[in-house]
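Residue numbers (my numbering), protein chains in the order written: chain A, 7 to 170; chain B, 72 to 577. What follows is a set of notes on a single structure, which appears directly below.
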């Protein structure tokens, strides 16, 4: 889903390291704190940057390699900022039975980008997902936070057009 | 005051339930709009129910743009003359033919109303359990015949007995809500529609085995379920249902939600435990079993959402009442889910023993495309593809295993006659390659080799020899993989070759 390529030259954002340290410190008492910390960093800062990994490792007293291993294992964690709107198309069996493969082809052609990529204007990041649990009303597509059912190519065009 | 029900379930919301509810509120501000769970008749969503003297009557599907006309036509008075009128909800044939035990309250109550929950029988099971010894609670669950609803079908009570017998000052109850299988959505609907049942079931489990902390591992693809469950846990804590003194019994238990991060493999129980510990979701070798060395090495109950959510009614009505449903060693009810290319998709909770054909044809009404059904996949991405001539198979763990298939989590995905089964078999390997944790070679490498081999077969490159290679690879993955991911991927592949061989020889 997400590209494994780490952004070549991530520009240091002033205060980012401090904020990441605060997020991690607030949660370090939780059992199994690393995933909640990574979710919180991504939720607030949009992605998990490579320098963040060392900060989190320091707070949790883990090696950088251990944290890096976790960040890269899970598809949810982005290594670079996403486009302004994320469009995720379900590609699992139930949605395939009602045209999700053709819908994905349509989306790639309409946006000119593949799964895991962002349009050049930074408007939309296209992703593939395996199951939203909307299997009786497929094909399922999530645009931003909003889940849509029974999405036809025409409906998808309308949703993509609304995404700013 | 008139009460109207419009579901807050994410499936209903995906086809406009929020807009329908908002429109009703703006047209009739004095009407109470309850955002309930879904009744499970998903093809009728957005479904609108109106409380009348005859009971709750249903209208559906109601598009947002239909609301004005329906309200003008007397929807809020329960008019039976409207085109969208379906009848009294409980009397609809789809509902009447079901036996809803686990899903008894889903779609009926407001999921976040403590009062509704208690008024509809909630907490009765927990109160009974707290008056029993932990050992008696465990034996009740053993006696009910309840088996793990996550797919493996291991007897829940036996697992609990092991944890109860383990010596440790710290034990855990973990709920596996990483419902990643395509075609399954019952965990999501239960959590969104009746979260207190899961909380009650986990509390009973904790009391029975002597655990003090519980974790629900819930997938990130289910944001509505995460929000609903977190809100419900807060309400339960405020009400004294969780915390240092559960219902004044002196028993202490608290519950936390942990959100997954997009890894299918974390639905495997040991991988889920690794993930809960904050690590990569790598599968553990068994033994040791999680019941003895689970989360952070402590004795841990790991059960699926539906298993835990069924515990309250077993305690409330007694194990015999539950075991009276079902057949053979598959006792009680199961929550089947109809999805994919299906005319009437949704939730069918009924006793084990109903046939596959009854579910697909009688409940499901065949395909949504109107074309003939060609194949159904039962039990998720790792389940077998079955042809129509196997529709007399009863939904029963042993009968399915004997047919080279599995009931799994009860999800049934329907395909019409346009499906290319060679591409579905290829997808089974592709999915395994994408989602394998990588710990064992048969799964990590076998899945990639499987994709290549199917490509050669379909291209006509030494087809006969490559079918032998495929069979050999499937044997190796079945016997040599560490967990069900690699071990069961051959199931959809082999069933596709066996039943739909013509698709591989085009």
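Ideal placement from N, C-alpha and C gives every residue a C-beta, glycine not left out.
Its chain contains 493 and 529 as the residues whose beta carbon lies nearer than 8 Å to that of residue 577(B), once the 5 sequence neighbours on both sides are disregarded; these appear in chain order.
Taking CB atoms only, residue 80(A) has a neighbour in chain B less than 9 Å away.
When CB distances to chain A are screened at a threshold of 8 Å, the residues of the segment 380-410 of chain B falling below it are 408, 409 and 410, in chain order. For residue 72(A), the three-state secondary structure derived from DSSP is helix.
For chain A, the residues of the segment 107-138 of chain B that bring a beta carbon within less than 8 Å of one of its beta carbons are 113, 114 and 116, in chain order.
When beta bridges are read from the DSSP output, residue 402(B) appears opposite 397(B). For residue 72(A), the closest Cβ of chain B is nearer than 9 Å.
The beta carbon of residue 226(B) lies closer than 6 Å to those of 218 in the same chain, with the five residues before and after it left out. Contact between the segment 153-170 of chain A and the segment 301-314 of chain B is absent, with fewer than three C-beta pairs closer than 8 Å. A distance of 9 Å or more separates the beta carbons of residue 555(B) and residue 254(B). The shortest C-alpha to C-alpha distance from residue 249(B) to any of 242(B), 263(B), 287(B) and 147(B) is the one to 287(B). DSSP assignment within the segment 362-449 of chain B yields the following whole alpha helix (DSSP H) runs of 4 residues or more, N-terminal first: 376-388 and 390-394.
In the structure shown, residue 514(B) adopts helical secondary structure according to DSSP, grouped into three states. In the displayed model, residue 148(A) falls within a strand according to three-state DSSP. Considering only beta carbons, no part of the segment 21-35 of chain A lies closer than 7 Å to chain B. Any Cβ of chain A closer than 9 Å to the Cβ of residue 485(B) would place that residue at the interface, and such an atom is present. Sequence-distant partners of residue 344(B) (beyond 5 residues in either direction) whose C-beta falls short of 8 Å from its own C-beta, in its chain, are 245, 355, 361, 365, 366, 371 and 373. Contact between the segment 475-484 of chain B and the segment 452-461 of chain B is present: 3 or more CB-CB pairs across the two stretches fall below 8 Å. Cβ-Cβ distances below 8 Å link residue 131(B) to 112, 115, 116, 117, 118, 119, 155 and 157 in the same chain, with the five nearest sequence neighbours on each side left out; the list follows chain order.
Closest in alpha carbon position to residue 474(B), among 82(B), 570(B), 391(B) and 396(B), is 570(B). For residue 37(A), a Cβ of chain B is located within less than 9 Å of the residue's own Cβ.
Residue 164(B) carries a helical assignment under DSSP once its states are collapsed to helix, strand and coil. Here the segment 389-404 of chain B makes contact with the segment 416-424 of chain B; the two share three or more CB pairs at distances below 8 Å. Using a Cβ distance threshold of 9 Å, residue 564(B) and residue 545(B) count as a contacting pair. Under DSSP, residue 94(A) takes part in a beta bridge, and its partners are 133(A) and 148(A).
Any Cβ of chain A closer than 9 Å to the Cβ of residue 292(B) would place that residue at the interface, and such an atom is present. For a Cβ distance threshold of 7 Å, residue set 292 of chain B lies close to residue 135(A), ordered along the chain. Chain order gives the chain B residues near residue 140(A) as 81, 82, 85 and 256, where near means a beta carbon separation below 8 Å. Only residues of its own chain outside the window of five on either side were considered, and among them 249, 331, 343, 346 and 352 have a CB closer than 6 Å to the CB of residue 337(B), listed in chain order.
Taking 9 Å as the cut-off, the Cβ atoms of residue 450(B) and residue 479(B) count as close.
Of all residues in the segment 339-355 of chain B, only 346, 347, 348, 349, 350, 351 and 352 place a beta-carbon less than 7 Å from a beta-carbon of chain A. With distances taken between CA atoms, residue 575(B) lies nearest to 532(B) out of 283(B), 232(B) and 532(B). Each of 516(B), 552(B), 412(B) and 396(B) was checked against the Cα of residue 214(B), and the nearest Cα belongs to 396(B). For residue 286(B), the closest Cβ of chain A is nearer than 9 Å.
Not a single C-beta of chain A is nearer than 9 Å to the C-beta of residue 500(B). When Cβ-Cβ separations below 9 Å define contact, residue 99(A) makes contact with chain B.
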